[in-house]
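What follows is a short report on a single structure.
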Amino acid sequence: MLVIHILDKVNSTNQWAFDNLTRINDSILSFEQSEGRGRGNRAWISPFGGLYFSFLSKRHQLLPFITGVSIIQALPDLASELRLKWPNDIILSGKKLGGILCQDDGNMAVIGIGLNFDNIPPLPNSISLSDSNFKADKTIFLNDFRTFFESNFVISNEDIISKYSSYDCLISNQITWASGSGVAKSINPDGSLNVQTIDGTLNLYSEDVHLGEGVQDV
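Heads up: the sequence shown runs through residues 118 to 335, numbered per the working numbering.
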């Protein structure tokens with residue numbers, strides 16, 4: 118039987134999952150995090166009212182992509198406004214709705230999802246589902262998400278990359294990162310981002326990427 122631990126507040130749902138969960142698909146849901154973390158171990162502001170959810174998963178090379186696609190599929194009424202931003206951001210109406218953090222200890226993976234649900238957006242370039250006048254129910258969302266995740270987990274890598282690419286806001290656009298700039302062309306089968314630069318093509322694997330010529334975006 119699937120077990121969901123529901124807590125008002127934790128330090129980090131991913132850390133709690135690593136420390137306390139032992140079975141694949143068991144999960145932790147919290148309404149606030151005191152020490153939430155994003156990619157690169159950066160602080161993730163996690164005010165009360167958001168959705169902070171982590172669960173144990175089998176390992177997979179494309180977990181962030183499977184997760185991102187499943188999140189959009191679980192919010193069908195907003196599908197026309199939702200986008201993904203390689204490699205782990207969820208975008209609504211051009212602003213950051215949430216993010217995904219997948220961590221792997223060599224035996225299993227923990228997938229963490231942070232979404233602004235009913236909370237006031239913590240940053241100027243962020244947005245909450247409540248801002249969209251869309252009344253989302255966390256229980257319904259999570260049930261639908263898990264259904265889509267299980268289905269997407271078993272499809273081919275090619276199909277999941279194709280689905281992800283159809284939602285990604287970087288493809289065909291000018292982007293910048295710490296050491297360069299170019300046009301995002303495609304997402305490779307291994308999940309890296311293929312970019313055309315003035316010197317040729319290259320693949321990005323974990324860089325912080327920004328839309329346009331500047332560095333201030335979602």
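Even glycine gets a Cβ: it sits at the ideal position worked out from N, Cα and C.
- Any chance you could list the alpha helix (DSSP H) runs of at least 4 consecutive residues sitting entirely within the region 264 to 289, in chain order? 274 to 284
- Among residues of its own chain, excluding the 5 on either side of I285, which ones have a beta-carbon nearer than 6 Å to its beta-carbon? Position 168 of the sequence shown, counted from the start, is the residue given in the question as residue 285. The residue you asked about is not Ile; residue 285 is Asp in the sequence shown. Excluding positions up to five away in sequence, the list reads L201, W203.
- Apply the 10 Å Cβ neighbour rule to N233 and answer buried if 16 or more other Cβ atoms are within range, or exposed otherwise. Taking the sequence shown and counting its residues from 1, the one referred to as residue 233 is at position 116. By the neighbour-count rule (16 or more Cβ atoms within 10 Å), N233 is buried.
- L184 bridges to which residues according to DSSP? As a position in the sequence shown, residue 184 is number 67, starting the count at 1. Sequence inspection shows Thr at residue 184; the Leu mentioned does not correspond to that position. In the DSSP assignment, no residue is bridged to T184.
- Message: Using a Cβ-Cβ cutoff of less than 7 Å, which residues in the same chain neighbour L173 once the five nearest sequence positions on both sides are dropped?
- Response: Sequence index remark: in the sequence shown, residue 173 carries index 56 (1-based). The residues are A134, L138, R140, I141, N142, D143, M225, V227.
- According to DSSP, which residues form a beta bridge with D206? Residue numbering aside, residue 206 sits at position 89 when the sequence shown is read from its first letter. D206 pairs with K202, G216.
- Query: So, is L168 buried or exposed, given that buried needs 16 or more other C-beta atoms within 10 angstroms?
  - Reply: In the sequence shown, residue 168 corresponds to position 51, counting from 1. Counting Cβ neighbours within 10 Å, L168 comes out buried, since at least 16 surround it.
- Task: Kindly indicate which residue of I207, L195, R263 has the alpha-carbon position closest to the one of L119.
- Result: Against the sequence shown, residue 119 aligns to sequence position 2. Residue R263 is the option with its Cα nearest to L119.
- Query: Are the region 286 to 295 and the region 173 to 188 in contact at 8 Å, needing three or more beta carbon pairs?
  - Reply: Because the criterion of three Cβ pairs below 8 Å is not met, the region 286 to 295 and the region 173 to 188 do not touch.
- Query: Going along the chain, which residues of its own chain have a beta-carbon closer than 7 Å to the beta-carbon of L321, five neighbours each way excluded?
  - Reply: For this step, residue 321 is matched to residue 204 along the sequence shown. Excluding positions up to five away in sequence, the list reads W294, S309, L310, V312.
- Alpha-carbon to alpha-carbon, H327 and F182: One-based indexing of the sequence shown puts residue 182 at position 65. One-based indexing of the sequence shown puts residue 327 at position 210. Spanning the two alpha carbons is a distance of roughly 18 Å.
- Message: Check this for me: beta carbons of S249 and N236, under 8 Å apart or not?
- Response: One-based indexing of the sequence shown puts residue 249 at position 132. One-based indexing of the sequence shown puts residue 236 at position 119. Result no, Cβ atoms of S249 and N236 do not sit closer than 8 Å.
- Since G329 contacts T314 with CB under 8 Å, what's their CB separation in whole angstroms? Along the sequence shown, one-based indexing puts residue 329 at 212. Along the sequence shown, one-based indexing puts residue 314 at 197. Actually they do not touch by this definition, with Cβ atoms about 15 Å apart.
- Classify F262 as helix, strand or coil using the three-state DSSP reduction. Sequence index remark: in the sequence shown, residue 262 carries index 145 (1-based). F262 falls in the helix class under three-state DSSP.
- Smallest Cα separation from L218: which of T184, K212, L195? The residue labelled residue 218 in the question sits at position 101 within the sequence shown. Ranking T184, K212, L195 by Cα distance to L218 puts T184 first.
- Task: Please name the residue in S151, D261, L214 whose C-alpha comes closest to that of V127.
- Result: Taking the sequence shown and counting its residues from 1, one reaches residue 127 at position 10. The candidate whose alpha carbon is nearest that of V127 is S151.
- Message: For S163 and D325, I'd like the C-alpha separation in whole angstroms.
- Response: Looking up residue 163 in the sequence shown gives position 46. Looking up residue 325 in the sequence shown gives position 208. If I take the Cα positions, the gap works out to 21 Å.
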